[in-house]
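This report concerns only the one structure given below.
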Amino acid sequence: MITLSPMVITLTIVTLLFLAIIIVLGISYTKERFDSAKLKQVLSTKEESILEHQKDVGDDNKSSTFLDKIAIRLAYAGWDKINTSIFLLIVFFSALIFVVLFYYIFSNFLAFIIGALIGGAIPFYVMNSMIFSRTKQFNEALSEAMSVIVRMMRNGVGFEVALKRAVEISQSKLFHALFEKLLAEKDLISEEKAFKHMYQKINSAEIKIFGLAIGIGKSSGGKFSNTLEKLEHSIKQRVILQRKVTVATREAKVGSYMIVGLLIFIFFILDSNFEGKIIEHFFYSQKGKFEILLVFMWVGLGLFINEQMTKVKA
2 MITLSPMVIT LTIVTLLFLA IIIVLGISYT KERFDSAKLK QVLSTKEESI
52 LEHQKDVGDD NKSSTFLDKI AIRLAYAGWD KINTSIFLLI VFFSALIFVV
102 LFYYIFSNFL AFIIGALIGG AIPFYVMNSM IFSRTKQFNE ALSEAMSVIV
152 RMMRNGVGFE VALKRAVEIS QSKLFHALFE KLLAEKDLIS EEKAFKHMYQ
202 KINSAEIKIF GLAIGIGKSS GGKFSNTLEK LEHSIKQRVI LQRKVTVATR
252 EAKVGSYMIV GLLIFIFFIL DSNFEGKIIE HFFYSQKGKF EILLVFMWVG
302 LGLFINEQMT KVKA
């Protein structure tokens, strides 16, 4: 039987994680190019300048420091009361708890490192999940609100009145709270600054395009309702696409969970045939514990990559 040294196992895991990161980054870049191309097919030349301005803003954000990026993402997640220092303390204590737990269970230095990585990554995963959930909820509410605004403007209602009415009837508490704040602020400061404050609270490309389109439409004149109608169609198509992908992702996850459940069932059947020696090896020996940890990590990595591959960038 071939026995792998801890160094070989460590290099293998690091290599797999490195390849997974490259795959996820490549998928994210491809989706960004795809989404930009789809939007440019729908929008006119005037709206294409909005996308270019949005890209410049994104490039400025990329030049921020690591701590600044954490602060930005904390605001996107709605965790306004948690500053960067407190979040990093949460990351530290989460990593410490998993380090102690893994080292106590597995008594292996490599498990010590794995525990630190998993524990430290959990707060970031929760934060990113909150950002994705808030963005998805907000974009769906924005799509519905824009449909209301476009219909009311076709009937001769002014934009300001239509916007206030769409905010009032929105069933999304997040959307209602953010736009209520925007409507209150734009009377005190400029509308452009009010929208910039909103951009800091939600990671949505749609609201940035919406805000910039309003500014350009009001300043350039012309038929403002036509611009909003095209934007409404584009945002609605993206929301529909996200829903289809969500359904497909859930179906894939259910299939994955059923396979895992089947393997667990087979595991216990085999254990009963071997008079409990399989459980004794994997749960009572240090080598077996570490092997089952690697199995769980492999399954978790597969589910994570599946989620990233099927996620539509907001």
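With this note's numbering applied, the sequence shown covers 2 to 315.
Quick reminder that beta carbons are idealized off the backbone N, C-alpha and C, glycines included.
Presumed contact (8 Å Cβ cut-off) between residue i and residue j, rounded CB distance
i, j, result
"Leu-184", "Val-162", "Incorrect: roughly 12 Å between the Cβ atoms, too far for contact."
"Gly-212", "Phe-196", "4 Å"
"Gly-120", "Phe-99", "3 Å"
"Leu-229", "Ile-150", "6 Å"
Where residue i falls: helix, strand or coil (DSSP)
i, result
"Trp-299", "helix"
"Thr-228", "helix"
"Gln-172", "coil"
"Lys-82", "coil"
"Lys-187", "coil"
"Gly-159", "coil"
"Phe-67", "helix"
"Phe-266", "helix"
"Ile-210", "helix"
"Phe-275", "coil"
"Ile-203", "coil"
"Ser-148", "helix"
"Asn-109", "coil"
"Ser-286", "coil"
Proximity below 8 Å, CB of residue i to CB of residue j
i, j, result
"Tyr-200", "Ile-132", "no"
"Asp-296", "Asn-140", "Correcting the residue type first, residue 296 is Val in the shown sequence and not Asp. Cβ distance not < 8 Å, so Val-296 and Asn-140 don't count as in contact."
"Ala-96", "Ala-112", "no"
"Ile-106", "Lys-290", "yes"
"Ser-144", "Ile-236", "yes"
"Ser-171", "Ala-142", "yes"
"Ser-205", "Thr-136", "yes"
"Asn-109", "Gln-287", "yes"
"Gln-138", "Leu-164", "no"
"Phe-283", "Ile-293", "yes"
"Asp-272", "Ile-265", "no"
"Phe-67", "Leu-75", "no"
Of the listed residues the options, nearest to residue i (C-alpha basis)
i, options, result
"Phe-93", "Tyr-285, Pro-124, Glu-181, Phe-291", "Pro-124"
"Ser-191", "Gly-216, Trp-80, Phe-284", "Gly-216"
"Asn-129", "Leu-189, Ile-73, Glu-276", "Ile-73"
"Lys-82", "Lys-202, Phe-269, Ile-270", "Lys-202"
"Glu-233", "Ser-134, Met-154, Ile-260", "Met-154"
"Ile-260", "Lys-174, His-177, Gly-303", "Gly-303"
"Lys-182", "Lys-70, His-198, Ser-257", "His-198"
"Glu-193", "Leu-175, Phe-176, Ser-220", "Ser-220"
"Gly-301", "Tyr-126, Leu-90, Phe-160, Asn-84", "Tyr-126"
"Arg-152", "Lys-245, Ala-122, Lys-231, Tyr-258", "Lys-231"
"Glu-207", "Glu-186, Ala-146, Asn-227", "Ala-146"
"Lys-227", "Ser-173, Phe-160, Val-248", "For the record, residue 227 in the displayed sequence is Asn; it is not Lys. Considering only alpha carbons, the answer is Phe-160."
"Met-298", "Phe-103, Val-248, Phe-268", "Phe-103"
Distance cut-off 7 Å: residue i Cβ against heavy atoms of the ligand ADP
i, result
"Leu-242", "The model depicted lacks the ligand ADP and carries no ligand whatsoever."
CB contact below 8 Å: residue i versus chain C
i, result
"His-177", "The structure shown has no chain C; it contains just one protein chain."
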